[in-house]
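This report refers to the structure that appears directly beneath it.
Protein chains: 2
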Amino acid sequence: MAESDSMTKPKPTPGPGPATMAQIAERSGVALSTVSYVLSGKRPVSPAMRDRVLAAVAEFDYRPHGPARALASGSSHTIALFLPSPHWDLIPVQQTFVAGATQATSASDYALLLSTAASDPETIVRLVATHRADGVILMETLTHDPRIEKLQAAGFPFCLIGRTADTSGIGYVDIDYGSAVRTSLEHLVELGHRCVALFNFPQDQLDAGYASALIARDAFEVATAELGIRGIHLTCPHPPQEAFAVAACLLASEPECTAAITTGWQFTGLLRALRAANLHVPDEFSVVSVIAAQYAEMLTPALTGIEWPAFEAGRLAAEMLIERLADDSVTQRQLLIGGELVIRESTGPAPATPPSKRTNSRKRIPPPETRNLVQTQRT
Amino acid sequence: MAESDSMTKPKPTPGPGPATMAQIAERSGVALSTVSYVLSGKRPVSPAMRDRVLAAVAEFDYRPHGPARALASGSSHTIALFLPSPHWDLIPVQQTFVAGATQATSASDYALLLSTAASDPETIVRLVATHRADGVILMETLTHDPRIEKLQAAGFPFCLIGRTADTSGIGYVDIDYGSAVRTSLEHLVELGHRCVALFNFPQDQLDAGYASALIARDAFEVATAELGIRGIHLTCPHPPQEAFAVAACLLASEPECTAAITTGWQFTGLLRALRAANLHVPDEFSVVSVIAAQYAEMLTPALTGIEWPAFEAGRLAAEMLIERLADDSVTQRQLLIGGELVIRESTGPAPATPPSKRTNSRKRIPPPETRNLVQTQRT
DNA sequence: CTGTTAGCGCATTCAG
DNA sequence: CTGAATGCGCTAACAG
Chain D
1 MAESDSMTKP KPTPGPGPAT MAQIAERSGV ALSTVSYVLS GKRPVSPAMR
51 DRVLAAVAEF DYRPHGPARA LASGSSHTIA LFLPSPHWDL IPVQQTFVAG
101 ATQATSASDY ALLLSTAASD PETIVRLVAT HRADGVILME TLTHDPRIEK
151 LQAAGFPFCL IGRTADTSGI GYVDIDYGSA VRTSLEHLVE LGHRCVALFN
201 FPQDQLDAGY ASALIARDAF EVATAELGIR GIHLTCPHPP QEAFAVAACL
251 LASEPECTAA ITTGWQFTGL LRALRAANLH VPDEFSVVSV IAAQYAEMLT
301 PALTGIEWPA FEAGRLAAEM LIERLADDSV TQRQLLIGGE LVIRESTGPA
351 PATPPSKRTN SRKRIPPPET RNLVQTQRT
Chain H
380 MAESDSMTKP KPTPGPGPAT MAQIAERSGV ALSTVSYVLS GKRPVSPAMR
430 DRVLAAVAEF DYRPHGPARA LASGSSHTIA LFLPSPHWDL IPVQQTFVAG
480 ATQATSASDY ALLLSTAASD PETIVRLVAT HRADGVILME TLTHDPRIEK
530 LQAAGFPFCL IGRTADTSGI GYVDIDYGSA VRTSLEHLVE LGHRCVALFN
580 FPQDQLDAGY ASALIARDAF EVATAELGIR GIHLTCPHPP QEAFAVAACL
630 LASEPECTAA ITTGWQFTGL LRALRAANLH VPDEFSVVSV IAAQYAEMLT
680 PALTGIEWPA FEAGRLAAEM LIERLADDSV TQRQLLIGGE LVIRESTGPA
730 PATPPSKRTN SRKRIPPPET RNLVQTQRT
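First to last, the sequence lines map onto chains D and H.
Taking our numbering, the leading residue of the first sequence gets 1, the next gets one more, and so forth.
Taking our numbering, the leading residue of the second sequence gets 380, the next gets one more, and so forth.
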């Protein structure tokens, strides 16, 4: 069964390491550049030579050397996505971006580089400056975002999930928190609610200029005014315990409030506070959240919600950026997606019960010290 | 305010594009190689020259060209992580891996490449073969995994989240589903339960050889036997509706079953089925799930669970791989983590009610046809 | 249509 | 301790 000495190396693996273009050029008896051209198709090549080259490519299992190609061509064929804060794992919806972006990137034969860089413009610029990525996707965008300014100043291609104050010439995909809040409100008003609370993003995010938070707040104020109802704007941290405290305060101090909207994960604390206050959802209190169906349907009761198509958002952002890299004269698209209301179990007609009676049924509420509704989150 | 003509180009930006080593060598009057050595520290350089070089580096805001470095050095300083199926967004815990891996990678000054490749060994090998990544992390490992065989055959460094049948010489980090199941079971037996169901991963994953599913099943069979209780092994899809059907069926046909363990997201359907059957948790039925605290605490009742430290797992896997890349003589670590039981609200003493009576109370299990409670409203 | 050639930016070997 | 020279593998002018 032993092969003859002259046959120790049949032919499939000529050299030890991976094959290079030079090797396949030699093997197929053509010029190095011809190999390059049959591979890239950037120049017509006669069928005869093409076949010879492709045969050698198959035979050697040749793979182009990525970095070498990047060096010579000036493009890494890679985009980078920066994850927000280290605590991002607390907000599942953001993780779904990544899945969407990954799929779109892989589909376009690009590579996706992931990095953490909470708010450090330098780290972000570096990836592109070192030519490791051709462009970047940013999330958790601020109204005035230093990262974006730096990226613009350096002339690096980028795309946002979210948006800034001045969006001129900037491509982005964002959920329309404005219409989300308005749609939710209209739904609640139709059901007869006359006093609705908004559990907005935490105060520190508002202070930092987190665009979605500002948009939600403004939309809430405008819409409550136009609809002629009372609106209570709360800034509320996402973690259950802290959200619980904020919600408990609201329930204690605002008996006439019969419904709430949450911009995110705050519903956890809210639902818990409602249970603690012995208020039934939706008979005595209605809840609408901006939330992916996956989570909305997992809860009891299932949450009426504004669908947040995070996977789509990630996919679109990646596609947008890649499109721009391929043709930088392309007009930057600006997409507002989502905002579709899905009615589930957590909303219902406003209770007819007079406020006084309802106030009565609340005895286990936290002490007054915690009554500061608009509070700041500490990390 | 206009500068003189001779000053149009003060000095901070000498050339238009990014600076190269050659430029900073020229600027600081040293040899190209000297610049390389002060930057890499691989050779002693006199303080005088070092300072001149560093000054020029700062002045030009020089950044080493990643691909060029990779080409010359033969290492891309990058690792790749492959996401499982396209449906992975349904299983949040897996997403948290990515966060952990990203953090560890960034911390080690490596880059993390994300890619989708359900079960395609070719795609996985390609990233390394093209020198775009030095090694890869695989998740959703099968007992006999073609991807791993290919990686081993090619001699490419890798690390698993999960594990294979033959783990010799393979580095991995995995949750210990075996002890997770046993610990859960012991907890339930202590509470007096004598018949427990396991909602294992779906049948197709078992068939495919998904290691965690097999381990859970085997551990369940061994532990129920040893503890002298009856075990009902179910393979159950994660999606709520399908899990609901499986759970409803169990409740209808096995009145003596008073508790269940779920390996993952199946608890959603189970909880819904319990409600539909009018069985109170934990008074009439206990539930334990393998689940991250974040989700366990979001539910009503909060789920007693085996903590799945996904972030840690991702972090450890990345660190492990990077360590191995730095020194390939390092012994492959094999880590089984997690398995810690956290008792919350969903487990309690086994009900004393005789099976016959309980069977009686189950009439309102809704027929599958009427279960569509989700409706959509257009904006 | 095809071959020759010159770099891309950096790491590294070899002289000095 | 330092400088000059070579090559990593590929792309893209440039000649034929």
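Cβ coordinates follow ideal geometry from the N, Cα and C atoms, glycine included.
Buried versus exposed call for residue i [16 or more other C-beta atoms within 10 Å across all chains shown]
i                     : result
residue 94 (chain D)  : buried
residue 686 (chain H) : buried
residue 412 (chain H) : exposed
residue 446 (chain H) : buried
residue 145 (chain D) : buried
residue 641 (chain H) : buried
residue 671 (chain H) : buried
residue 212 (chain D) : buried
residue 733 (chain H) : Caution applies to residue 733 (chain H), whose pLDDT of 49 falls short of 50 and renders its modelled position unreliable; the value that the coordinates give is listed next. Exposed.
residue 147 (chain D) : buried
residue 58 (chain D)  : exposed
residue 422 (chain H) : exposed
residue 419 (chain H) : exposed
residue 241 (chain D) : exposed
residue 708 (chain H) : exposed
residue 257 (chain D) : buried
residue 508 (chain H) : buried
residue 582 (chain H) : exposed
residue 17 (chain D)  : exposed
residue 576 (chain H) : buried
residue 718 (chain H) : buried
residue 195 (chain D) : buried
residue 689 (chain H) : buried
CA-to-CA distance, residue j to residue i, given in whole angstroms
i                     : j                     : result
residue 589 (chain H) : residue 399 (chain H) : 49 Å
residue 458 (chain H) : residue 505 (chain H) : 13 Å
residue 348 (chain D) : residue 572 (chain H) : 39 Å
residue 496 (chain H) : residue 463 (chain H) : 7 Å
residue 710 (chain H) : residue 662 (chain H) : 49 Å
residue 48 (chain D)  : residue 697 (chain H) : 47 Å
residue 166 (chain D) : residue 630 (chain H) : 57 Å
residue 461 (chain H) : residue 137 (chain D) : 20 Å
residue 513 (chain H) : residue 200 (chain D) : 44 Å
residue 382 (chain D) : residue 552 (chain H) : One cannot answer for residue 382 (chain D) here, as it falls past the ends of chain D, which runs 1 to 379.
residue 715 (chain H) : residue 555 (chain H) : 5 Å
residue 324 (chain D) : residue 442 (chain H) : 24 Å
residue 168 (chain D) : residue 682 (chain H) : 48 Å
residue 489 (chain H) : residue 534 (chain H) : 21 Å
Strand pairing of residue i, partner residues [DSSP]
i                     : result
residue 683 (chain H) : H:667
residue 125 (chain D) : Residue 125 (chain D) pairs with nothing; no bridge assigned.
residue 417 (chain H) : In the DSSP output, where bridge partners are listed per residue, residue 417 (chain H) has none listed.
residue 716 (chain H) : H:554
residue 231 (chain D) : D:196
residue 485 (chain H) : In the DSSP output, where bridge partners are listed per residue, residue 485 (chain H) has none listed.
residue 78 (chain D)  : D:111
residue 514 (chain H) : H:458
residue 210 (chain D) : D:142
Any non-hydrogen atom of the ligand ZN within 7 Å of residue i CB
i                     : result
residue 509 (chain H) : Questions concerning the ligand ZN fall outside what the structure shown contains, since it holds no ligand whatsoever.
Listed from N- to C-terminal order along the chain, which residues in the region 561 to 588 of chain H have their beta-carbon within a distance smaller than 9 Å of any beta-carbon of chain D? Under the 9 Å Cβ criterion, the region 561 to 588 of chain H contributes no residue.
Output, in sequence order along the chain, the residues in the region 494 to 511 of chain H whose CB is closer than 7 Å to any CB in chain D. So the list reads 494, 495, 505, 508, 509, 510 and 511, given in the order they occur along the chain.
Decide yes or no for the touch test of the region 619 to 628 of chain H against the region 590 to 604 of chain H: beta carbon pairs closer than 8 Å, at least 3 of them. Cβ pair count under 8 Å is below three, so no.
Chain-ordered residues of the region 432 to 454 of chain H with a beta carbon less than 7 Å from chain D: If the cut-off is 7 Å between Cβ atoms, the region 432 to 454 of chain H has 442, 443, 444, 445, 446, 447, 449 and 450 near chain D.
Are at least three pairs of beta-carbons, each pair with one atom in the region 636 to 656 of chain H and one in the region 295 to 311 of chain D, less than 8 Å apart? The count of Cβ pairs closer than 8 Å, one atom from the region 636 to 656 of chain H and one from the region 295 to 311 of chain D, reaches three, so the stretches are in contact.
Assess contact between the region 123 to 137 of chain D and the region 148 to 159 of chain D, defined as three or more Cβ pairs (one per stretch) separated by less than 8 Å. Is contact present? Yes, the region 123 to 137 of chain D is in contact with the region 148 to 159 of chain D.
Check whether the region 654 to 663 of chain H and the region 511 to 523 of chain H are in contact - that is, three or more C-beta pairs closer than 8 Å. With the rule of 3 Cβ pairs closer than 8 Å, the region 654 to 663 of chain H does not count as touching the region 511 to 523 of chain H.
Three or more beta-carbon pairs under 8 Å between the region 605 to 620 of chain H and the region 556 to 574 of chain H, yes or no? Yes, the region 605 to 620 of chain H touches the region 556 to 574 of chain H.
Chain H contacts from the region 144 to 156 of chain D (Cβ-Cβ distance under 8 Å): Within the region 144 to 156 of chain D, no residue qualifies.
Anything in the region 90 to 107 of chain D with a Cβ closer than 7 Å to a Cβ of chain H? List those residues in chain order, please. Along the region 90 to 107 of chain D, the positions whose C-beta sits under 7 Å from a C-beta of chain H are 90, 92, 95, 96, 98, 99, 102, 103 and 106, read in chain order.
Proximal residues, the region 231 to 248 of chain D versus chain H, C-beta separation under 8 Å: Within the region 231 to 248 of chain D, the qualifying residues are 240.
Going along the region 634 to 659 of chain H in order, which residues come within less than 9 Å of chain D, judged by CB to CB distance? Under the 9 Å Cβ criterion, the region 634 to 659 of chain H contributes 644, 646, 647, 650, 651 and 654.
What residues in the region 675 to 687 of chain H have a beta carbon less than 8 Å from any beta carbon of chain D? Going along the region 675 to 687 of chain H in chain order, one finds 676, 677, 678 and 679 with a Cβ nearer than 8 Å to chain D.
Contact list for the region 321 to 339 of chain D against chain H, Cβ threshold 7 Å: Residues passing the 7 Å Cβ filter: 339.
Name, going along the chain, the residues of the region 15 to 37 of chain D whose beta-carbon falls closer than 8 Å to a beta-carbon of chain H. For the region 15 to 37 of chain D, residues whose beta-carbon sits nearer than 8 Å to a beta-carbon of chain H comprise 18.
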